[in-house]
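Note sheet for the following structure.
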Amino acid sequence: MERKILRIRVNNEDHELYIKPKTLLVEVLRDHLGLTGTKRACSTSACGACTVILNGMAVKSCSILAVQADGAEVLTVEGLANGANLDPLQRSFLDHGAYQCGFCTSGMLMSAKALLGEKARPTREEIRQGIHGNLCRCTGYNSIVRAIAAVTDGRYGEERK
Amino acid sequence: MNYTVLNTPLHNIDGVAKVTGRAQYTFDVELPNMLHAKILRSPYAHANILHIDTSRAEALTGVKAVLTGKDTLGIKQGIWRRYKELCDEEILTRAKVRYIGEPVAVVAAVSEDAAEEALDLIDVEYEPLPAVFDPMEAMKQGAPQIHEGVERNINVTRHIEWGDVDEAFAKADYVREDWFRCSSQAHVCMETHCAVASYTPDGKLTVYTSTQSPYYIQVLLAWTLGLRENDVRVISKYTGGGFGSKFELDSAQFCSALLSMRLCRPVKLVLTREEEFIATKRRTPMVYYVKTGVRKDGTFLAKEARVFTEGGAYTSMGATALYLTGFFQTFPYKWPNYRYDGYRVYTNTSPTSAMRGFGAPQATFVGESQIDLIAADLGLDPIEIRRRNAMTPNYEVPGQATIQSCGLLECLDRIEGWVKSRGELPPNRGIGIACYGFMSGGIFNWFDSPYAFSSALVKVNIDGKVDLFVGAQDMGQGSNTTLAMICAEELGVRLEDIRVHSGDTDVCPPDLGAWGSRQTLMAGNATKMAAAEAKRQILEFAAAKMGPNVVYDLDIKDRWIHLVARPERGLSYFDVVREAIRGKEGQAIIGRGHYTPHRKGMISPAYSFGVQAVEAEVDPDTGKIRLINAVTAHDCGQPINPLGLTGQLEGAIAMAAGYGFTEDLPMDEGKILNPNLVDYKLIRACDMPETEVFEVETHEPEGPFGAKEAGEGLTNPTAGALANAIFHATGVSVKELPITSEKIFYALKEKESHDR
Chain A
18 MERKILRIRV NNEDHELYIK PKTLLVEVLR DHLGLTGTKR ACSTSACGAC TVILNGMAVK
78 SCSILAVQAD GAEVLTVEGL ANGANLDPLQ RSFLDHGAYQ CGFCTSGMLM SAKALLGEKA
138 RPTREEIRQG IHGNLCRCTG YNSIVRAIAA VTDGRYGEER K
Chain B
74 MNYTVLNTPL HNIDGVAKVT GRAQYTFDVE LPNMLHAKIL RSPYAHANIL HIDTSRAEAL
134 TGVKAVLTGK DTLGIKQGIW RRYKELCDEE ILTRAKVRYI GEPVAVVAAV SEDAAEEALD
194 LIDVEYEPLP AVFDPMEAMK QGAPQIHEGV ERNINVTRHI EWGDVDEAFA KADYVREDWF
254 RCSSQAHVCM ETHCAVASYT PDGKLTVYTS TQSPYYIQVL LAWTLGLREN DVRVISKYTG
314 GGFGSKFELD SAQFCSALLS MRLCRPVKLV LTREEEFIAT KRRTPMVYYV KTGVRKDGTF
374 LAKEARVFTE GGAYTSMGAT ALYLTGFFQT FPYKWPNYRY DGYRVYTNTS PTSAMRGFGA
434 PQATFVGESQ IDLIAADLGL DPIEIRRRNA MTPNYEVPGQ ATIQSCGLLE CLDRIEGWVK
494 SRGELPPNRG IGIACYGFMS GGIFNWFDSP YAFSSALVKV NIDGKVDLFV GAQDMGQGSN
554 TTLAMICAEE LGVRLEDIRV HSGDTDVCPP DLGAWGSRQT LMAGNATKMA AAEAKRQILE
614 FAAAKMGPNV VYDLDIKDRW IHLVARPERG LSYFDVVREA IRGKEGQAII GRGHYTPHRK
674 GMISPAYSFG VQAVEAEVDP DTGKIRLINA VTAHDCGQPI NPLGLTGQLE GAIAMAAGYG
734 FTEDLPMDEG KILNPNLVDY KLIRACDMPE TEVFEVETHE PEGPFGAKEA GEGLTNPTAG
794 ALANAIFHAT GVSVKELPIT SEKIFYALKE KESHDR
């Protein structure tokens, strides 16, 4: 089968890959780059487990061809922390118990990260809207909303290194 | 009690792995030289398999093997292992299919794409048979027979009775009869069922899988594949949700193992979301008849319940759901007289089984709806009628169970206070309440495990770090953290001193796993016992070293070994452990613990209780429901992990509200019409109400540190409370789940024409 060259920057690292044109972005991340933090749970862009940030926007990587991301910059859950310094969202998720089985957590964090990129002080309602595309079967969302709100309220700002 | 670890808001021990994407689920497992597998599934609800030709599929490039039922040992398996007649399912069927989606053949190939392509090249000749989908139809004489020799398709029956029901009805001031229908529900674990099996030429099989019970899967695989139990290793480090769907042997596990044994290569099989909907088990739908007799002051005199469950094609855990719905139909009230008859009926639909609540959410919806109808008929207050009949500590359910701790009355008081604080509600709003209780692990041993129900091993190392080995399984509910907290508290160290080993049958002691809310109490007791044994060894050494007056007791708290009466006098835990290990010829300090319930009745050693209030708004023009508040007063004994507890509570509300009004599995001739996450409506972030919880602390004598069940039972009250909220908001009672906008709309129309 025909192959295409994909140049993509993921978590501040440049990659050049030869891929089948039908390869999905989530497949490039998981299968080619080994970034298995990004999950897949429906393949119909209904659950949000595969959410990553593409050029600043939250996207569902199961519903995007990798070639559509040619030349783009992608942030995945593996790129959130800086070494041992966790992102404020990650710390807040820990403090608020905003995960259980953890399978939706990566996507949830990336939707939250994108939301915060767009809006520094979203309302509670906007936070709910921001993660409305992400399904979680364990938590009932409220702990996740509290975790995100704690970050937007500035409770994790001063500790940032 | 003053605890140093329990009931403090600590991070889950697997939290960092989960928020950084490092947690490796079965879905993420890749082994060298691995193949991918896909399952061919039946398009018929009921058919004989006449012939399968796999030659075209085998010839496809990249295909390594195509196997059918003929390549299996043909063992009819089931999780009710003790009862041969209830072991009725061949995972890869040989002769007959009984539901749409049943596995017929399986392919291993170098890629998922090749395996998928091969499925189209398998030629199956079926002889379609008449099928039946509704339990009431399936029980009729002359209905299609789904299993040979099973008359009228009745798979299991259950009878529970105490008191004199007929006499009590004759004496009752008021008797009410109702029929209800409880729907099915899909578990929708975010990680679908999946397995990576690797069989090696030395006769050993390793299976990575997403499961709630590695021990069950080990035993069931060994049985169906003809292997020795301990030649099968099941590894499940992280499980992406379970909710009752992942403790029976499933098609991903069995088929990947079968292929790997044939090929001696690792084989990965991940179910698609569609397969997950159509061909994994689901909540048991029930047709429910209840007749209740009361005094005019609301005192409960007698109840009679009859249940017909849509069993689907196989027994699975449905037999347990049938018993539990009958038992929990009486909960949490004192019924002097009760009679229950349950019938589980085979149908040509996907098997129905365990799902969080396990028959109790159905029972609670039915029972709590009817109580509000009776209260309305008699002009009684819904809280008052419940208070009058509520279970209290040390109550005995005749012949079934003894309740020890029970904080139900206090829960009712707290909820009454909250309801009053809401004052006058705006129009079209209502508050409904529901009481519930649940078990803390089951007593029954239909699996016929020869082992203790839970076991634990605690090993204290030279640096004071503690290894805790448990067969209990963490599927996201946080049991590893809960057990680590129990271990740390008992041993007198900190949570960060504990390293938990679970999810690996080669390393961990057998344990029945995560279902029926059993782990906090059962694995918790085993862990506490193991930690106490290790602690005893440390304290013996410390006593010898400190030489206190022989009447003084020693204890360890927060890494400080001290005289209980003189806490300032003591030694560092680390120093004592170091020297103790040297003193024991260099052996680590090891404690063993186990737990099996004895003389605790028929059901469970302990019961949780609670009351939930749901405030909902109904749009009178469209019937659309909006959840405003869900407030719960909750008695789980001694809370252990408060963050986890809140998470369980809120998560249960989301799942149970979904059961109440959004989730449904409509079928046409046995075909599920919405097998995807677009058309199957889960509660999402914007749908969630505000949630509040009042913890009512009791001390459960049977539980570790007084703890009992705290997660599954919370799924019980929400649908019933919601139904009652809608009843109080609109005056219409919908007796069929889910309570969709459509049903409310038509019920309102009917009421309008009736009132006119």
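The listed protein sequences correspond, in order, to chains A and B. Residue 18 is where the first sequence starts when you use my numbering, and the numbers rise one by one after that. Residue 74 is where the second sequence starts when you use my numbering, and the numbers rise one by one after that. Ideal placement from N, C-alpha and C gives every residue a C-beta, glycine not left out.
In the DSSP assignment, what are the bridge partners of residue 681(B)?
The count along the second sequence starts at 1 and reaches residue 681(B) at position 608. DSSP lists 511(B) as partners of residue 681(B).
Contact list for the stretch 755-784 of chain B against chain A, Cβ threshold 7 angstroms:
755, 757, 758, 759, 761 and 764
Any beta carbon from chain B within less than 8 angstroms of residue 178(A)'s own beta carbon?
Position 161 of the first sequence, counting from 1, holds the residue named residue 178(A). Residue confidence for residue 178(A) is low, a pLDDT of 38 falling below 50, so the modelled location carries little weight; the figure read from the coordinates is stated next. It does not: the Cβ of residue 178(A) has no partner Cβ on chain B nearer than 8 angstroms.
Between residue 80(B) and chain A, is there a C-beta pair that is closer than 8 angstroms?
Indexing the second sequence from 1 puts residue 80(B) at position 7. Judged by the 8 angstroms Cβ criterion, residue 80(B) is not in contact with chain A.
Can you tell me where the alpha helix (DSSP H) holding residue 339(B) begins and where it ends?
Looking up residue 339(B) in the second sequence gives position 266. Note, residue 339(B): premise wrong, no alpha helix (DSSP H); not H, not E.
Cβ pair residue 458(B), residue 485(B) closer than 8 angstroms
Numbered from 1 along the second sequence, position 385 holds the residue referred to as residue 458(B). Numbered from 1 along the second sequence, position 412 holds the residue referred to as residue 485(B). No, these two residues do not count as a Cβ contact at 8 angstroms.
Is DSSP giving residue 157(B) helix, strand or coil here?
Taking the first residue of the second sequence as position 1, residue 157(B) is located at position 84. DSSP, read as helix, strand or coil, puts residue 157(B) in helix.
Tell me, to the nearest whole angstrom, how far the beta carbon of residue 272(B) is from that of residue 178(B); I am working on the premise that it is less than 8 angstroms.
In the second sequence, residue 272(B) corresponds to position 199, counting from 1. In the second sequence, residue 178(B) corresponds to position 105, counting from 1. Not quite, the Cβ-Cβ distance comes to about 19 angstroms (not below 8 angstroms), so this is no contact.
Within chain B, partners of residue 149(A) - CB distance below 8 angstroms
One-based indexing of the first sequence puts residue 149(A) at position 132. Result: 757, 758 and 759.
Using a Cβ-Cβ distance under 8 angstroms, would residue 346(B) count as near chain A?
In the second sequence, residue 346(B) corresponds to position 273, counting from 1. Yes, residue 346(B) counts as interfacial toward chain A.
Residue 84(B) touches chain E at which residues, Cβ-Cβ below 9 angstroms?
Absent from the structure: chain E. Protein chains present are A and B.
Does the stretch 476-495 of chain B touch the stretch 695-706 of chain B, meaning 3 or more C-beta pairs lie closer than 8 angstroms?
yes
So, is the C-beta of residue 444(B) closer than 8 angstroms to a C-beta in chain A?
On the second sequence, residue 444(B) is found 371 positions in, with the first residue counted as 1. No Cβ of chain A is located within less than 8 angstroms of the beta carbon of residue 444(B).
Cβ-based contacts, 9 angstroms cut-off: residues of the stretch 92-107 of chain A near chain B:
Taking 9 angstroms as the Cβ-Cβ cut-off against chain B, the residues of the stretch 92-107 of chain A that qualify are 93, 94, 95, 97, 98, 103, 104, 106 and 107.
Quick one: what's got a C-beta closer than 7 angstroms to residue 301(B)'s C-beta in the same chain, skipping five residues either side?
Residue numbering aside, residue 301(B) sits at position 228 when the second sequence is read from its first letter. Excluding sequence positions up to five before and after residue 301(B), its CB lies within less than 7 angstroms of the CB of 295, all in the same chain and listed in chain order.
If I follow the unbroken alpha helix (DSSP H) through residue 562(B), where does it start and stop?
Looking up residue 562(B) in the second sequence gives position 489. Looking at the DSSP string, the run of the alpha helix (DSSP H) that includes residue 562(B) is 552-564.
Is the CB-CB distance between residue 251(B) and residue 380(B) below 8 angstroms?
If you number the second sequence from 1, residue 251(B) lands on position 178. If you number the second sequence from 1, residue 380(B) lands on position 307. Cβ distance not < 8 angstroms, so residue 251(B) and residue 380(B) don't count as in contact.
Report buried or exposed for residue 87(A), applying the criterion of at least 16 other Cβ atoms within 10 angstroms of its Cβ.
Residue numbering aside, residue 87(A) sits at position 70 when the first sequence is read from its first letter. By the neighbour-count rule (16 or more Cβ atoms within 10 Å), residue 87(A) is not buried but exposed.
Here's the rule I'm using: 16 or more other beta-carbon atoms within 10 Å means buried, otherwise exposed. How should residue 98(B) be labelled?
By 1-based counting over the second sequence, the position of residue 98(B) is 25. Result: buried.
Using 8 angstroms for Cβ pairs, my map puts residue 723(B) next to residue 160(A). What's the rounded Cβ distance?
For the purposes of this step, residue 723(B) is taken as residue 650 along the second sequence, with counting starting at 1. For the purposes of this step, residue 160(A) is taken as residue 143 along the first sequence, with counting starting at 1. Contact flag correct, Cβ pair sits at about 6 angstroms.
Report the rounded CA-to-CA distance for residue 756(B) versus residue 169(A), giving the unit in angstroms.
Indexing the second sequence from 1 puts residue 756(B) at position 683. Indexing the first sequence from 1 puts residue 169(A) at position 152. So the two alpha carbons sit approximately 24 angstroms from each other.
Would you say residue 154(A) lies against chain B (beta-carbon separation less than 8 angstroms)?
By 1-based counting over the first sequence, the position of residue 154(A) is 137. Answer yes: the Cβ-Cβ gap between residue 154(A) and chain B drops below 8 angstroms somewhere.
Suppose only complete runs of 4+ residues qualify. What are the alpha helix (DSSP H) ranges in the stretch 231-260 of chain B, listed by chain order?
238-244
Hey, how far is the Cα of residue 826(B) from the Cα of residue 200(B)?
In the second sequence, counting from the first residue as 1, residue 826(B) sits at position 753. In the second sequence, counting from the first residue as 1, residue 200(B) sits at position 127. Their backbone Cα atoms lie some 50 angstroms apart in a straight line.
May I have the straight-line CA-CA distance separating residue 654(B) from residue 321(B), to the nearest angstrom?
In the second sequence, counting from the first residue as 1, residue 654(B) sits at position 581. In the second sequence, counting from the first residue as 1, residue 321(B) sits at position 248. Counting only the Cα atoms, residue 321(B) lies some 42 angstroms from residue 654(B).
Among 257(B), 180(B) and 404(B), nearest to residue 676(B) - alpha-carbon criterion:
As a position in the second sequence, residue 676(B) is number 603, starting the count at 1. Nearest of 257(B), 180(B) and 404(B) to residue 676(B), Cα basis: 404(B).
Verify whether the separation of the beta carbon atoms of residue 63(A) and residue 115(A) is less than 8 angstroms.
As a working note, residue 63(A) is residue 46 in the first sequence. As a working note, residue 115(A) is residue 98 in the first sequence. No, these two residues do not count as a Cβ contact at 8 angstroms.
Within the continuous beta strand (DSSP E) that includes residue 643(B), where are the two ends?
In the second sequence, counting from the first residue as 1, residue 643(B) sits at position 570. Where residue 643(B) is concerned, the enclosing beta strand (DSSP E) stretches over 643-645.
Quick one: which residues of the stretch 248-265 of chain B get their C-beta closer than 9 angstroms to a C-beta of chain A? List them in chain order.
260, 261, 262, 263, 264 and 265
Rounding to the nearest angstrom, what Cα-Cα distance links residue 666(B) and residue 644(B) in this structure?
Sequence index remark: in the second sequence, residue 666(B) carries index 593 (1-based). Sequence index remark: in the second sequence, residue 644(B) carries index 571 (1-based). Rounded to whole angstroms, residue 666(B) to residue 644(B) spans 26 angstroms at the Cα level.
Just the chain B side, please: which residues come within less than 8 angstroms of residue 66(A) by C-beta, in chain order?
The count along the first sequence starts at 1 and reaches residue 66(A) at position 49. Listed by position along chain B, the residues whose Cβ is nearer than 8 angstroms to that of residue 66(A) are 263.
Using 10 angstroms around the beta-carbon of residue 56(A), count the other beta-carbons present and answer buried if the total reaches 16, otherwise exposed.
In the first sequence, the residue the question calls residue 56(A) occupies position 39. By the neighbour-count rule (16 or more Cβ atoms within 10 Å), residue 56(A) is buried.
Going by DSSP, name the residue or residues bridged to residue 702(B).
On the second sequence, residue 702(B) is found 629 positions in, with the first residue counted as 1. According to DSSP, which records beta bridges pairwise, residue 702(B) is partnered with 688(B) and 763(B).
Sequence-distant residues of its chain with Cβ nearer than 6 angstroms to residue 341(B) (five each side left out)
Here residue 341(B) is taken as the residue at index 268 of the second sequence, counted from 1. Here residue 341(B) has 107, 109 and 269 as same chain residues with Cβ atoms under 6 angstroms from its own Cβ, once five neighbours each way along the sequence are excluded.
Thinking C-beta only, is residue 372(B) closer than 8 angstroms to residue 447(B)?
Within the second sequence, the letter at position 374 stands for residue 447(B). Within the second sequence, the letter at position 299 stands for residue 372(B). No. Outside cutoff.
Taking residue 394(B) and residue 352(B) to be in contact with their CB atoms under 8 angstroms, please state how far apart those CB atoms are, rounded to whole angstroms.
Position 321 of the second sequence, counting from 1, holds the residue named residue 394(B). Position 279 of the second sequence, counting from 1, holds the residue named residue 352(B). No, residue 394(B) and residue 352(B) are not in contact; Cβ-Cβ is about 19 angstroms, not under 8 angstroms.
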